[in-house]
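Trainee: Let me give you the structure first, and then I'll get to my questions.
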Amino acid sequence: MVNFIIRWCLNNRFLVILVTLVLLALGYYAVTHIPIDAIPDIGEKQVIVLADWPGRSPQDVEDQVTYPLTTTLSGTPGVKTIRSFSGFGFSMVFIIFKDEVDYYWARSRVLERMNVSLSRLPPGVVPGLGSDATALGQIFYYTLEAEGA
């Protein structure tokens, strides 16, 4: 089998050289046109909505802030999933978008829907967008603690 391949290559030198040059050209094109990132974005496209309501229990925040926000934001085009978290005096809503949705388009749609939800929120609660971030930002959490504090 190997002898056959060697004999065929020797008999068809021009074709072998042509195929080799085509493969080299395609390889050069691929190397020069493939985008390379130091840290590729493998996370989901998400927009974070934050709302403060100081002095309220997590249940109150869930019922009067988080739930109205999530129901209003669920109508945003391109939404894949909505996750929320309610704590003492604050609410966080994570809106995960489909991969084909442009990130900045998604942020502007969330901002529009967020303004619609203002009438359903308690007085003094003004939700805001979180900073531009990917889902990779949730890999590492840390706390600062001091002795005697």
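Just so you know, numbering that gives the first Met the number 0 puts 55 at position 56 of the sequence shown, and the rest follows in order with no gaps.
A virtual CB, placed ideally from N, CA and C, is assigned to each residue, including glycine.
#1: Just grab the DSSP bridge partners of GLY54 for me.
#2: Using the C-alpha atoms, what's the distance from GLY74 back to LYS97?
#3: Roughly how many whole angstroms lie between the Cα atoms of VAL100 and ILE33?
#4: Hey, quick one: how far does the beta strand (DSSP E) through ARG82 stretch, first residue to last?
#5: Could you give the DSSP three-state label for MET0: helix, strand or coil?
#6: Out of curiosity, what's the CA-to-CA distance linking VAL125 and LEU72?
#7: Just tell me which of ILE35, GLU61 and SER107 has its CA closest to the CA of VAL92.
#8: Per DSSP, GLN45 is paired with what?
#9: Helix or strand or just coil, what does DSSP make of GLY147?
#10: Am I right that SER83 and THR69 are in contact with their C-beta atoms under 8 Å? What's the rounded C-beta distance?
#11: Could you please give the first and the last residue of the uninterrupted alpha helix (DSSP H) stretch that includes ARG12?
#12: Using DSSP with H/G/I as helix, E/B as strand and the rest coil, what is LEU128?
Mentor: To lay it out plainly:
#1: Taking the sequence shown and counting its residues from 1, one reaches residue 54 at position 55. GLY54 pairs with nothing; no bridge assigned.
#2: Stepping through the sequence shown from its first residue, residue 97 is reached at position 98. Stepping through the sequence shown from its first residue, residue 74 is reached at position 75. Straight-line measurement puts the Cα of GLY74 at about 14 Å from the Cα of LYS97.
#3: Taking the sequence shown and counting its residues from 1, the one referred to as residue 100 is at position 101. Taking the sequence shown and counting its residues from 1, the one referred to as residue 33 is at position 34. Taking the straight line joining both Cα atoms gives about 22 Å.
#4: Position 83 of the sequence shown, counted from the first residue, corresponds to residue 82. Its beta strand (DSSP E) spans residues 78–86.
#5: Indexing the sequence shown from 1 puts residue 0 at position 1. MET0: coil per DSSP, three-state reduction.
#6: To locate residue 125, count along the sequence shown from 1; it is residue 126. To locate residue 72, count along the sequence shown from 1; it is residue 73. Going by the C-alpha atoms only, they are around 15 Å apart.
#7: Indexing the sequence shown from 1 puts residue 92 at position 93. Of ILE35, GLU61 and SER107, the residue nearest in Cα terms is GLU61.
#8: Looking up residue 45 in the sequence shown gives position 46. Paired residue(s): ILE95.
#9: To locate residue 147, count along the sequence shown from 1; it is residue 148. Looking at GLY147 - three-state DSSP - the assignment turns out to be coil, as it is neither helix nor strand.
#10: Along the sequence shown, read from residue 1 onward, the residue named residue 83 stands at position 84. Along the sequence shown, read from residue 1 onward, the residue named residue 69 stands at position 70. Contact flag correct, Cβ pair sits at about 5 Å.
#11: Along the sequence shown, one-based indexing puts residue 12 at 13. That run of the alpha helix (DSSP H) goes 12–32.
#12: By one-based count along the sequence shown, residue 128 stands at place 129. Strand at LEU128.
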